[in-house]
Amino acid sequence: MPDTPARPPSPATPGRARHRWTAAATMYLGLYLLGLDLTVLNVAAPDLQNDLHAHLSQVQWVVNGYTLALGGTVLAVGAMTDRIGRRRAFTAGLALCAAASAAGALASGVTQVIAARFAMGTGASLLMPATLSTVISLFPEPQLRQRAIALWAAVGGIGFASGPVAGGWLVEHHGWRAGFWINLPIAATAIVLAYCVVPESRDTERRRVDLTGAVLSAAGLLTLVWAVIEAPTRGWTSTTVLAAFTVATGWLAAFLVHQSRSAAPMLPLAFLRDPRIGVAAATLATLSLALYGALLVVSLYLQEVLGYSPWQAGVRTLPLPLALAAGAVAVVPQISRWGARATVVSGLALVVAAFVVLAGATPESGYPRVAVFQIIAGFGAGMAATAGTGSVMGAVPAQRAALGSAINDATRQVGSAVGVALQGSILASVSASSLHRSLSPYSAQLPEAARADILSTRLYLADVPPALRSVVLASARQAFIDGLITAALVAGALTLAAGAAAAVWLPRRSTSCVPGSEVDGAAPRDGTAESCERAER
1 MPDTPARPPS
11 PATPGRARHR
21 WTAAATMYLG
31 LYLLGLDLTV
41 LNVAAPDLQN
51 DLHAHLSQVQ
61 WVVNGYTLAL
71 GGTVLAVGAM
81 TDRIGRRRAF
91 TAGLALCAAA
101 SAAGALASGV
111 TQVIAARFAM
121 GTGASLLMPA
131 TLSTVISLFP
141 EPQLRQRAIA
151 LWAAVGGIGF
161 ASGPVAGGWL
171 VEHHGWRAGF
181 WINLPIAATA
191 IVLAYCVVPE
201 SRDTERRRVD
211 LTGAVLSAAG
221 LLTLVWAVIE
231 APTRGWTSTT
241 VLAAFTVATG
251 WLAAFLVHQS
261 RSAAPMLPLA
271 FLRDPRIGVA
281 AATLATLSLA
291 LYGALLVVSL
301 YLQEVLGYSP
311 WQAGVRTLPL
321 PLALAAGAVA
331 VVPQISRWGA
341 RATVVSGLAL
351 VVAAFVVLAG
361 ATPESGYPRV
371 AVFQIIAGFG
381 AGMAATAGTG
391 SVMGAVPAQR
401 AALGSAINDA
411 TRQVGSAVGV
421 ALQGSILASV
431 SASSLHRSLS
441 PYSAQLPEAA
451 RADILSTRLY
461 LADVPPALRS
471 VVLASARQAF
481 IDGLITAALV
491 AGALTLAAGA
501 AAAVWLPRRS
511 TSCVPGSEVD
521 GAAPRDGTAE
531 SCERAER
């Protein structure tokens, strides 16, 4: 296949138009696998502990190793994807994911499983930027491109949220190793389809590889994501975590200084100064922070307060990805009318309203309130994610599409890691404090372990005097709700702040202010102050 950026023929030719959508569907399949792998083992902790005699901290790294490798390396790897070829990066990432999955499924110890998850995350960092950048190259027409981006956002959300459902069923019926084996047929199918229907595309300009920038960015993001993941366990103010945040700040500062001085930077800082990249990426990071953190809190609420099994709880989180997909697709015709700014702000407003609904939860409110929260938040997130992603990709030159995708992906991955850690920490600290207060009159009659949190309360309930068991359980449920409400209010406040920033700084239309960039699939703009001024009007 040719190495030049793919410029498909006129969509008026039905067969060729279908061929492009088949190629896009192949990218979506790879993206679905990536989202699935992020969460498919979240419900496998008990099986992993029993089978491999692993400590809880080791089991946590089975889940988090994938997130760390993906979030820490996607920017550096994505910047190179434009150079090596997007289809080549996509298939290489899938092959690495498949090989690492087989190694994880055959592992005899938890250390091997953790190593396999790190390798899978590295493979995901290869394929993730290639998915969006290939889709962008397939559809230069504005309306088709917006539709393709909407489907990309929808599939990513569905993959992430379906992980606990698929994982719960697989673990229940086939054990934790099935969570690895499931990847092989999906990856093999996507690889074959990629070579059959996806044209190769790459940056035609032979840019010098910025190895220093790649190393600095990877070191900074890896350290940052590690600190965020470890903070809930070690404590946000622990010496180790604070040192890691300090080191990460130093690496990232050095990266920015190097980029500003490099003749061939990996990430031209002009990209980040364009508000349709910088502001939109920050908005997407905040949205991921709010939504993925809330998914953790809601999953725990369904299991620990409402008493559902992991699989039953997973099924009841499906309204979120389904609503996200609906919002992403439904908003496409409106983006050209409303503009990027109004669409992003409207979507974030719905997410804020959803968190207000969740903050009204009580131990008796049950699943209906959670379902309403998921529907409103998912629809709003689909709107904002589609318009925000389109804003980022519309500002990046077509030949650097994988770098634009990597910026989009890195900010979202870091945002989701921060969201899970932050909301999980808020939930744990507030619920524990509330439980201690409510049970203080009975402290002399209760074991200390039973007053730690709702998980410990259930575990040590047999040690509680029979006359106090109903009181302890009711207190534990209310304490969990107190933590859930606080986490929801914090997430809602951060989303509100992101919406306000987008309303002030995000341009109304997706017109580029970066020289030589391509806007909405149209011809490149000149990037002059006059063209930017016209965009604002």
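Everything in the sequence shown is counted per my numbering, starting at 1 for the first residue and increasing by one. Glycine is no exception: its CB is placed at the ideal position from the N, C-alpha and C atoms.
Inter-residue CB distance, residue i and residue j (contact presumed, cutoff 8 Å)
| i | j | result |
| --- | --- | --- |
| Ala-325 | Gly-157 | 7 Å |
| Ala-491 | Val-345 | Incorrect: roughly 17 Å between the Cβ atoms, too far for contact. |
| Ala-359 | Ala-488 | 4 Å |
| Pro-551 | Asn-42 | The shown model of the chain, from 1 to 537, leaves out residue 551, and the question about it has no answer. |
| Leu-193 | Gly-72 | With 8 Å as the limit, Leu-193 and Gly-72 do not qualify as a contact, their Cβ atoms being about 29 Å apart. |
| Ala-136 | Arg-147 | The residue you asked about is not Ala; residue 136 is Ile in the sequence shown. Actually they are not in contact, since the Cβ atoms of Ile-136 and Arg-147 sit about 12 Å apart, beyond 8 Å. |
| Ala-402 | Gly-78 | 5 Å |
| Gln-259 | Pro-363 | Not confirmed; about 51 Å, so no contact. |
Element boundaries [alpha helix (DSSP H), containing residue i]
| i | result |
| --- | --- |
| Leu-106 | First-last for Leu-106: undefined, no H or E at that position. |
| Glu-230 | 211–234 |
| Arg-276 | 275–300 |
| Phe-355 | 340–359 |
| Asn-183 | 183–197 |
| His-174 | 142–174 |
| Leu-256 | 239–261 |
| Thr-317 | Segment: none, Thr-317 is in no alpha helix (DSSP H) and carries neither H nor E. |
| Thr-362 | That residue, Thr-362, is in no alpha helix (DSSP H); it is neither H nor E in DSSP. |
| Arg-117 | 110–138 |
Pick from the options that is closest to residue i, judged by C-alpha positions
| i | options | result |
| --- | --- | --- |
| Trp-152 | Thr-317, Gly-390, Thr-204 | Gly-390 |
| Gly-339 | His-19, Thr-81, Val-43, Leu-506 | Leu-506 |
| Gly-540 | Ile-182, Tyr-308, Gly-168, Arg-508 | Examination of residue 540 is not possible in this model, given that the chain is present from 1 through 537 alone. |
| Leu-96 | Gly-121, Val-74, Ile-114, Ala-264 | Gly-121 |
| Thr-67 | Ser-238, Thr-134, Thr-411, Glu-364 | Thr-411 |
| Glu-293 | Ala-178, Gln-478, Ser-125, Gln-374 | Here the sequence assigns Gly to residue 293, which means Glu is not the residue at that position. Among Ala-178, Gln-478, Ser-125, Gln-374, the Cα nearest to that of Gly-293 is on Gln-374. |
| Ile-579 | Ile-114, Ser-429, Ala-23 | Since the displayed the chain opens at 1 and closes at 537, residue 579 lies outside it and no answer follows. |
| Ala-244 | Ala-285, Ala-219, Val-257 | Ala-219 |
| Pro-275 | Ala-154, Ala-25, Met-393 | Met-393 |
| Trp-311 | Trp-169, Val-305, Leu-138 | Trp-169 |
| Ser-416 | Ala-359, Val-504, Ala-282, Val-344 | Ala-282 |
| Ala-54 | Val-113, Val-43, Leu-70 | Val-113 |
| Arg-369 | Val-356, Gly-380, Phe-379 | Val-356 |
| Gly-109 | Val-62, Leu-300, Gly-123 | Val-62 |
| Leu-350 | Leu-496, Ser-431, Gln-303 | Leu-496 |
| Val-396 | Phe-271, Pro-129, Ala-130, Ala-154 | Phe-271 |
| Glu-172 | Ala-406, Ala-248, Gly-314, Thr-246 | Gly-314 |
| Thr-22 | Tyr-195, Ala-248, Asp-482 | Tyr-195 |
| Leu-138 | Gln-399, Ser-336, Thr-343, Ile-277 | Gln-399 |
| Asp-409 | Tyr-32, Ala-328, Ala-493, Leu-132 | Leu-132 |
Nearest-angstrom Cα separation, counted from residue j out to residue i
| i | j | result |
| --- | --- | --- |
| Ala-462 | Ala-102 | Confidence at Ala-462 is low in this model, with a pLDDT of 48, below 50, so its placement is unreliable and the value that follows should be read with caution. Cα-Cα distance, rounded: 41 Å. |
| Leu-106 | Ile-229 | 26 Å |
| Leu-211 | Met-266 | 8 Å |
| Thr-39 | Glu-141 | 34 Å |
| Arg-234 | Leu-289 | 20 Å |
| Ala-330 | Thr-240 | 46 Å |
| Phe-180 | Gly-104 | 6 Å |
| Thr-134 | Val-418 | 28 Å |
| Leu-127 | Met-80 | 12 Å |
| Leu-295 | Ile-426 | 14 Å |
| Leu-252 | Leu-224 | 9 Å |
| Ala-264 | Arg-208 | 6 Å |
| Pro-8 | Ser-201 | Interpretation of Pro-8 is limited by its pLDDT of 43, a score under 50 that renders its predicted location unreliable; the figure taken from the coordinates is listed afterwards. Cα-Cα distance, rounded: 11 Å. |
| Leu-29 | Ile-186 | 8 Å |
| Arg-20 | Ile-149 | 14 Å |
| Ser-433 | Val-414 | 28 Å |
| Ala-24 | Asp-203 | 19 Å |
| Tyr-460 | Pro-319 | Legend: pLDDT at Tyr-460 = 49, less than 50; position of this residue unreliable, value from coordinates given subsequently. Going from the Cα of Tyr-460 to the Cα of Pro-319 covers about 34 Å. |
| Gly-93 | Thr-286 | 27 Å |
| Leu-48 | Ala-500 | 44 Å |
| Phe-480 | Ala-44 | 23 Å |
| Pro-199 | Thr-317 | 36 Å |
| Ser-217 | Pro-268 | 13 Å |
| Leu-75 | Arg-88 | 17 Å |
| Gly-404 | Ser-475 | 49 Å |
| Thr-249 | Arg-18 | 47 Å |
| Leu-306 | Ala-361 | 12 Å |
| Ser-238 | Ala-227 | 10 Å |
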